[in-house]
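Q: One structure, pasted below without further comment.
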């Protein structure tokens with residue numbers, strides 16, 4: 005399997021890990037980036053990929069993240085930009101072009117924006133560069149049901165529509181909360197086996213690693229349980245053992 009899915013599976017097999025490290029660090033700007041790089045160095049042998057969001061992208065920008073990007077490239081760790089892109093086509097294309105050019109391997113997008121003049125050409129362009137597009141299907145915070153759990157006329161929930169779009173539009177993966185193995189199973193039934201399921205919410209948001217392990221998800225995305233630990237490598241080991 006080539007492309008982003010193959011890249012993730014190869015990294016997972018090499019490191020015997022299903023953890024995507026979410027480098028979503030808080031704290032003073034003059035030390036946040038150094039802390040992120042230290043956590044990455046301490047855990048990179050035991051993770052399958054890395055996710056970066058606005059915690060680092062906003063204050064430091066793509067050029068400021070060169071150290072993180074270079075480390076991921078050198079270690080063959082897939083690097084995901086968690087922007088939840090939800091804009092018009094021109095803006096989305098400009099964003100993914102910058103991300104891929106600077107060394108990211110995949111981007112998380114919001115399928116709410118639609119396909120025509122929204123995400124259709126984004127998926128095509130990212131695939132032409134060997135990258136991946138991950139659709140946001142069900143988030144892990146308490147209020148996620150207020151949006152993703154809404155039901156359309158006829159009773160179909162929004163998250164299922166988004167899963168159907170992921171399958172139909174050629175997404176490489178979907179984000180589905182780790183806190184509901186039932187929802188993960190339902191989404192798996194929609195997207196099939198050629199689409200990765202990445203699950204946030206373990207640790208600080210109440211999701212349990214041992215419960216997630218019984219689900220049909222491919223990867224868990226974990227941030228604070230590792231990044232806020234005094235011993236990130238030890239926290240990672242404890243998590244994967246559970």
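Numbering (our numbering), first residue to last: 5 to 246.
A virtual CB, placed ideally from N, CA and C, is assigned to each residue, including glycine.
Between residue 146 and the ligand FAD, is the CB less than 6 Å from at least one heavy atom?
A: Of the ligands one can find in the structure shown there are none, so the ligand FAD has no counterpart to examine.
Q: Kindly indicate if chain C contains any beta-carbon less than 7 Å away from that of residue 48.
A: This model lacks chain C altogether, as it is built from one protein chain only.
Q: Pull up the DSSP beta-bridge partners for residue 200, would you.
A: Your numbering for residue 200 matches position 196 in the chain shown. According to DSSP, residue 200 bridges with 177.
Q: What are the start and end residues of each continuous beta strand (DSSP E) run of 3 or more residues lying completely inside the stretch 76-100, in chain order?
A: 83-89
Q: For residue 69 and residue 76, what's the separation of their Cα atoms in angstroms?
A: As a position in the chain shown, residue 69 is number 65, starting the count at 1. As a position in the chain shown, residue 76 is number 72, starting the count at 1. Each residue's Cα considered, the two are about 11 Å apart.
Q: Measure the alpha-carbon distance for residue 193 versus residue 246 and round it to whole angstroms.
A: Translated into the one-based positions of the chain shown, residue 193 becomes position 189. Translated into the one-based positions of the chain shown, residue 246 becomes position 242. C-alpha separation (whole angstroms): 26 Å.
Q: For residue 63 and residue 33, which I take to be in contact (beta-carbon distance under 8 Å), what is that distance rounded to the nearest angstrom?
A: Here residue 63 refers to the residue found at position 59 of the chain shown. Here residue 33 refers to the residue found at position 29 of the chain shown. Right, the Cβ-Cβ distance comes to about 5 Å (below 8 Å), so this counts as a contact.
Q: Using the three-state DSSP reduction, which class does residue 139 fall into: helix, strand or coil?
A: Translated into positions along the chain shown, residue 139 becomes position 135. It is a strand residue.
Q: Can you find the residues in the same chain that come closer than 8 Å, C-beta to C-beta, to residue 223, ignoring five residues on each side of it along the sequence?
A: For this step, residue 223 is matched to residue 219 along the chain shown. Cβ within range, chain order: 12, 16, 22, 23, 24, 52, 53, 200, 201, 202 and 203.
Q: Look up residue 236 in the DSSP assignment and say whether it is helix, strand or coil.
A: For the purposes of this step, residue 236 is taken as the residue at position 232 of the chain shown. Three-state result, residue 236: helix.
Q: Out of 111, 237 and 206, point me to the one whose CA is closest to residue 177's CA.
A: Mapped onto the chain shown, residue 177 falls at position 173. Closest option to residue 177, Cα to Cα, is 111.
Q: The alpha helix (DSSP H) that contains residue 193, what's its start and end?
A: The sequence position of residue 193 within the chain shown is 189, counting from 1. Residue 193 -> alpha helix (DSSP H) spans 185-195.
Q: List the DSSP bridge partners of residue 161.
A: Residue numbering aside, residue 161 sits at position 157 when the chain shown is read from its first letter. Looking at the DSSP assignment, residue 161 forms a beta bridge with 155.
Q: For residue 136, does the count of other Cβ atoms within 10 angstroms reach 16, so buried, or fall short, so exposed?
A: Start at 1 with the first residue of the chain shown, and residue 136 comes out as number 132. Buried is the call here.
Q: List the endpoints of the continuous alpha helix (DSSP H) containing residue 24.
A: The sequence position of residue 24 within the chain shown is 20, counting from 1. Following the DSSP letters along the chain, one finds residue 24 in no alpha helix (DSSP H) but inside the beta strand (DSSP E) bounded by residues 23-26.
Q: Starting from residue 125, trace the alpha helix (DSSP H) both ways and give me its first and last residue.
A: By one-based count along the chain shown, residue 125 stands at place 121. Run containing residue 125: 124-132, per the alpha helix (DSSP H) assignment.
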